[in-house]
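Participant: Residue numbering for the sequence shown is 915 to 1566, as defined by our numbering.
Beta carbons: idealized from backbone N, C-alpha and C, even for Gly.
Before I ask anything, here is the structure I am working with.
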Amino acid sequence: MIEKLLIANRGEIARRVMRTCRAMGIATVAVYSDPDRTAPFVAEADEAVALQGATPAESYLAIEAILEAAARTGADAVHPGYGFLAENAEFARRCAEAGLVFIGPSPDTIAARGSKIEAKRLRGAAGVPVVPGAQPGGPEDLEGAAAEVGYPLLLKASAGGGGKGMRIVAGPDQLTAAAEAARREAAAAFGDDTLLIERYLENPRHVEVQIFGDTHGNLVHLFERECSIQRRYQKIVEESPSPAVGPELRERMGSAAVAAAKAVSYVSAGTVEFLLAGNEFYFLEMNTRLQVEHPVTEAITGLDLVRLQILVAQGLPLPEEALQPRRRGHAIEARLYAEDPTADFLPVVGTLHRFRILDDRVRVDSGVEDGSVVSPHYDPMLAKVIAHAPTREEAARRLAAALAEARIHGLTTNRELLVRVLRHPEFQAGATDTHFLRRHDPVQLGGPLTDLAGERLNALASALAAQAGRRAGATVLRTIPSGWRNNPSQLQTMPFEGERGPIVVGYRFTGRELEVEVDGERWDDVEVVECRPDLVDLSIATHRRRFDVHRLGRIYWVDGPAGPSTLVAGSRFPRHRREELPGSLHAPMPGKVIKVEVSEGDRVVAGQVLVIIEAMKMEHSLRAPHDGLVATLHAAEGEQVESEQLLVVVES
915 MIEKLLIANR GEIARRVMRT CRAMGIATVA VYSDPDRTAP FVAEADEAVA
965 LQGATPAESY LAIEAILEAA ARTGADAVHP GYGFLAENAE FARRCAEAGL
1015 VFIGPSPDTI AARGSKIEAK RLRGAAGVPV VPGAQPGGPE DLEGAAAEVG
1065 YPLLLKASAG GGGKGMRIVA GPDQLTAAAE AARREAAAAF GDDTLLIERY
1115 LENPRHVEVQ IFGDTHGNLV HLFERECSIQ RRYQKIVEES PSPAVGPELR
1165 ERMGSAAVAA AKAVSYVSAG TVEFLLAGNE FYFLEMNTRL QVEHPVTEAI
1215 TGLDLVRLQI LVAQGLPLPE EALQPRRRGH AIEARLYAED PTADFLPVVG
1265 TLHRFRILDD RVRVDSGVED GSVVSPHYDP MLAKVIAHAP TREEAARRLA
1315 AALAEARIHG LTTNRELLVR VLRHPEFQAG ATDTHFLRRH DPVQLGGPLT
1365 DLAGERLNAL ASALAAQAGR RAGATVLRTI PSGWRNNPSQ LQTMPFEGER
1415 GPIVVGYRFT GRELEVEVDG ERWDDVEVVE CRPDLVDLSI ATHRRRFDVH
1465 RLGRIYWVDG PAGPSTLVAG SRFPRHRREE LPGSLHAPMP GKVIKVEVSE
1515 GDRVVAGQVL VIIEAMKMEH SLRAPHDGLV ATLHAAEGEQ VESEQLLVVV
1565 ES
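Below, the structure is given as structure tokens:
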């Protein structure tokens, strides 16, 4: 039996595996890179071993170092999580050779799935419907293979997933550039630049089936998950059951998923992914690992999938509750990322000063806590938040409310977009597909949840919390309100830069009541019920409101009844300094210049790609902001650049 398990991964999935191991009485070993040395998952493990790699990301791909860590700590099993080495057949084989139990399928099964091309061939042979596609033998065969499949088409990395190495190609003129970009991205993420070409389906749903097999010949499906809300081909909202799947379709898809798994004698947890168009579905790929979205299946079945993985890896049969699974209620998961949906989902790095999901009715699988640093080296997912309720409508409402009320301070996230998606009439009606975020502008969905009136209320609370902080730190007359005078004169004023523009708050205490002006507008009947540096309770025309205030220097994060706000005190200038230099393009984060498409003096048109940067295993294009001339160019291919570094200036 397994006594000590090493987790060859990081972040929230490492913590997730540890949670089950603790419940089963299994000791855990964490491995970590240098940027992760203070991460929560490292502290929570029973033992932890540092890894060394050429880069921080490559530390978790260092097979020799991970096997050495297992030997040094006496681990007898390895759980790969997802990503990194989770679907690496060589890693599974090396674990077996080292006498370690690999929590997952056999190396041969992983190898059969590892190539999407081979996986499609096997499933087609098993009678599972597949999307028409082809494999180019090399760059010289690209045009012929594309012509065989037909346009529009989709280029996909054969060895990976998560949206990396994927490009839509509308016509032959885009093919070469798209293939070069897809190969670069695939090589950086998976070490393999092999591409697959598939027919591009318009507006399909993405529906997957959770399957599970053991070494006793049992192979079952645990129902489906809908994963259609995606950005950059990566899922951000998942749910089970799918609102598009009824009993008859569920039976057909489940049977097809089991047939696909039987084609490779599948053991352990796996997922068979399909594209659903109307009542017809097509095999997309098979993932030989635990999926990021597994919690929604756990919620509706009551099963612990990590526990089942460990039981099966020890040679035990699946328990009866897994062989005869039952569904209850509806579950929805939202992936919370440090990224800016209003800037093409650009990842965000920095310190997360506060992270708290207040609603204890939702499940939170998180890799971060107060003070965690989000680095440019890894996927920027902060947490998965999962709501389970008797109905889909209730689950969506509960999840949206939990996200809206969460305390997330210090970094831009996709929280606002997630809330608006969950509350969108199309989503509530179950009318979702993979093009949802193409039909609905992420800039609008990702904007502030708080309207201007709410932001002004939050600014007033910030000003009052600030004066409470000053009085708390005063050495004399601490009980006298800030700005008090025997002979009242002008109001105390405090300017803020809000997410919707500048706000000026004026106030004067007259006992418990306040004289208040916000942006020159007088507010009557304002009374202070309680005022502390971190909490303000106001009564405005007998309407009570409470505001949580978190201050760090000049920045105030306020969570009020109208929604959250981030306010900068004392600034009369725009917060986005890039606007002060029209035509300038800066590195969005630390990364590497992959390609420079122009030279100084070139004429360019608005939207033209000028420089391509690789960061977080994804490519980010800097495009000309307007027609003009490349006046200065500070980027060279292969150069490492820092966040905010000026790279190009385009003069109009």
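Does the beta-carbon distance from Glu958 to Arg929 come in below 8 angstroms?
Facilitator: What you label residue 958 is simply residue 44 of the sequence shown in a count that begins at 1. What you label residue 929 is simply residue 15 of the sequence shown in a count that begins at 1. Closer than 8 angstroms, so yes.
Participant: Of the choices Ala1213, Gln1381, Asp1433, whose alpha-carbon is the least far from that of Val1450?
Facilitator: Taking the sequence shown and counting its residues from 1, one reaches residue 1450 at position 536. Ranking Ala1213, Gln1381, Asp1433 by Cα distance to Val1450 puts Gln1381 first.
Participant: Return the first residue and the last residue of the beta strand (DSSP E) that Ala1071 is part of.
Facilitator: The residue you call residue 1071 lines up with position 157 of the sequence shown. Residues 1067-1071.
Participant: How is the beta strand (DSSP E) around Glu1187 delimited, first residue to last?
Facilitator: Taking the first residue of the sequence shown as 1, we reach residue 1187 at position 273. Counting along the chain, the beta strand (DSSP E) containing Glu1187 begins and ends at 1182-1191.
Participant: In the DSSP assignment, find the beta strand (DSSP E) that holds Gly1123 and state where it starts and stops.
Facilitator: Within the sequence shown, residue 1123 is the residue found at index 209, counting from 1. Inspection of the sequence shows that residue 1123 is occupied by Val rather than by Gly. Start and end: 1119-1127.
Participant: Beta carbon of Ala1236, beta carbon of Val1134: below 8 angstroms?
Facilitator: Within the sequence shown, numbered from 1, the residue matching residue 1236 stands at position 322. Within the sequence shown, numbered from 1, the residue matching residue 1134 stands at position 220. In contact: Ala1236 and Val1134 (Cβ atoms closer than 8 angstroms).
Participant: Roughly how many whole angstroms lie between the Cα atoms of Gly1340 and Trp1437?
Facilitator: Counting from 1 along the sequence shown, the entry for residue 1340 is found at position 426. Counting from 1 along the sequence shown, the entry for residue 1437 is found at position 523. Sequence check: residue 1340 is Glu here, not Gly. Using only the alpha carbons, I get a separation of about 39 angstroms.
Participant: Could you check which residue in Arg1312, Arg1241, Pro1019, Ile1417 has the C-alpha nearest to that of Pro1161?
Facilitator: For this step, residue 1161 is matched to residue 247 along the sequence shown. Closest option to Pro1161, Cα to Cα, is Arg1241.
Participant: Could you tell me the distance, in whole angstroms, from the CA atom of Ala1550 to the CA atom of Ala1071?
Facilitator: In the sequence shown, the residue the question calls residue 1550 occupies position 636. In the sequence shown, the residue the question calls residue 1071 occupies position 157. Their Cα atoms are separated by approximately 27 angstroms.
Participant: Return the residue from the list Val963, Pro994, Ala971 that minimises the CA-CA distance to Ala985.
Facilitator: Looking up residue 985 in the sequence shown gives position 71. When each option's Cα is compared against that of Ala985, the closest is Val963.
Participant: Can you list, in chain order, the stretches of the beta strand (DSSP E) that have 3 or more residues and sit fully within the stretch 1140-1210?
Facilitator: Segments of the beta strand (DSSP E) lying fully in the stretch 1140-1210: 1148-1154, 1182-1191, 1194-1201.
Participant: Pick out whichever of Ala1183, Ala1084, Leu1069 has its Cα sitting closest to the Cα of Gly1127.
Facilitator: In the sequence shown, residue 1127 corresponds to position 213, counting from 1. Per the Cα distances, Ala1183.
Participant: Can you give the Cα-Cα distance for Thr1265 and Leu1325, rounded to whole angstroms?
Facilitator: The residue you call residue 1265 lines up with position 351 of the sequence shown. The residue you call residue 1325 lines up with position 411 of the sequence shown. Roughly 7 angstroms between the two C-alpha positions.
Participant: Could you give the distance in angstroms between the alpha-carbon of Ala1102 and the alpha-carbon of Pro1356?
Facilitator: Position 188 of the sequence shown, counted from the first residue, corresponds to residue 1102. Position 442 of the sequence shown, counted from the first residue, corresponds to residue 1356. The alpha-carbon atoms of Ala1102 and Pro1356 are separated by roughly 27 angstroms.
Participant: In three-state DSSP terms, what is Met1080?
Facilitator: The residue you call residue 1080 lines up with position 166 of the sequence shown. The answer is coil: DSSP assigns Met1080 none of H, G, I, E or B.
Participant: Pull the bridge partners of His1540 from the DSSP assignment, please.
Facilitator: Start at 1 with the first residue of the sequence shown, and residue 1540 comes out as number 626. DSSP lists no partner for His1540.
Participant: Would you call the stretch 1209-1227 and the stretch 1251-1262 touching, i.e. three or more CB-CB distances under 8 angstroms?
Facilitator: No: the two stretches stay apart, fewer than three of their Cβ pairs being nearer than 8 angstroms.
Participant: What's the call for Ile1082, buried or exposed, on a 16-neighbour Cβ count within 10 Å?
Facilitator: Stepping through the sequence shown from its first residue, residue 1082 is reached at position 168. Exposed: under 16 other Cβ atoms inside 10 Å.
Participant: DSSP three-state label for Phe1016, please.
Facilitator: Indexing the sequence shown from 1 puts residue 1016 at position 102. Reduced to three states, the DSSP call for Phe1016 is strand.
Participant: What's the C-alpha gap between His1540 and Val1563?
Facilitator: Looking up residue 1540 in the sequence shown gives position 626. Looking up residue 1563 in the sequence shown gives position 649. Between His1540 and Val1563, the C-alpha separation is close to 11 angstroms.
Participant: Over what stretch of residues does the alpha helix (DSSP H) that includes Leu1237 continue unbroken?
Facilitator: Along the sequence shown, one-based indexing puts residue 1237 at 323. Element bounds for Leu1237: 1234-1237.
Participant: Which residue marks the beginning of the beta strand (DSSP E) containing Leu1110, and which one marks its end?
Facilitator: Numbered from its first residue, the sequence shown carries residue 1110 at position 196. It spans 1109-1113 - the beta strand (DSSP E) in which Leu1110 sits, taken as one unbroken run.
Participant: For Asp1274, count neighbouring C-beta atoms within 10 Å of its own C-beta (all shown protein chains included) and say buried if the count is 16 or more, exposed if not.
Facilitator: For the purposes of this step, residue 1274 is taken as the residue at position 360 of the sequence shown. Classification for Asp1274: exposed.
Participant: Residues in its own chain within less than 7 angstroms of Leu1366 by CB, not counting five upstream and five downstream?
Facilitator: Locating residue 1366 in the sequence shown gives position 452, counting from the first residue. Here the set comprises Arg1414.
Participant: For a test of the three-state rule: what should DSSP assign to Arg1491, helix, strand or coil?
Facilitator: Within the sequence shown, residue 1491 is the residue found at index 577, counting from 1. Residue confidence for Arg1491 is low, a pLDDT of 42 falling below 50, so the modelled location carries little weight and cannot support an answer.
Participant: Please determine if the stretch 1012-1024 and the stretch 1179-1199 are in contact, where contact requires at least 3 C-beta pairs separated by less than 8 angstroms.
Facilitator: Verdict: yes, contact present.
Participant: Given a cut-off of 8 angstroms on the beta-carbon distance, is the pair Glu1138 and Pro1155 in contact?
Facilitator: Along the sequence shown, read from residue 1 onward, the residue named residue 1138 stands at position 224. Along the sequence shown, read from residue 1 onward, the residue named residue 1155 stands at position 241. Going by C-beta atoms, Glu1138 is nearer than 8 angstroms to Pro1155.
Participant: Taking only the alpha-carbon atoms, compute the straight-line gap between Phe1005 and Asn1193 and give it to the nearest angstrom.
Facilitator: The sequence position of residue 1005 within the sequence shown is 91, counting from 1. The sequence position of residue 1193 within the sequence shown is 279, counting from 1. Straight-line Cα distance between these residues: approximately 39 angstroms.
Participant: If you follow the beta strand (DSSP E) that Val1440 is in, where does it begin and where does it stop?
Facilitator: Indexing the sequence shown from 1 puts residue 1440 at position 526. First-last of the beta strand (DSSP E) with Val1440: 1435-1445.
Participant: DSSP state of Arg1486, grouped into three classes?
Facilitator: By one-based count along the sequence shown, residue 1486 stands at place 572. The predicted model places Arg1486 with a pLDDT of 41, which falls under 50 and marks its position as unreliable, so this point remains unresolved.
Participant: Does DSSP classify Phe998 as helix, strand or coil?
Facilitator: Within the sequence shown, residue 998 is the residue found at index 84, counting from 1. DSSP places Phe998 in coil when its eight states are reduced to three.
Participant: Should Glu1247 and Val1282 be called a contact, given that it needs their Cβ atoms to be closer than 8 angstroms?
Facilitator: Within the sequence shown, residue 1247 is the residue found at index 333, counting from 1. Within the sequence shown, residue 1282 is the residue found at index 368, counting from 1. Going by C-beta atoms, Glu1247 is not nearer than 8 angstroms to Val1282.
Participant: Helix, strand or coil for Ser1376 per DSSP?
Facilitator: In the sequence shown, residue 1376 corresponds to position 462, counting from 1. Ser1376: helix per DSSP, three-state reduction.
Participant: Given 8 angstroms as the limit, is there contact between the stretch 1290-1303 and the stretch 1440-1449, that is, 3 or more CB pairs closer than that?
Facilitator: Result no; under three Cβ-Cβ pairs closer than 8 angstroms.
Participant: Return helix, strand or coil for Gln1554, following the three-state DSSP convention.
Facilitator: For this step, residue 1554 is matched to residue 640 along the sequence shown. If DSSP states are grouped into helix, strand and coil, Gln1554 belongs with the strands.
Participant: Counting only the same chain and skipping the five closest in sequence on each side, list residues whose C-beta sits under 7 angstroms from that of Thr942.
Facilitator: The sequence position of residue 942 within the sequence shown is 28, counting from 1. Same-chain partners within the cutoff: Leu919, Ile921, Met932, Cys935, Ala959, Asp960.
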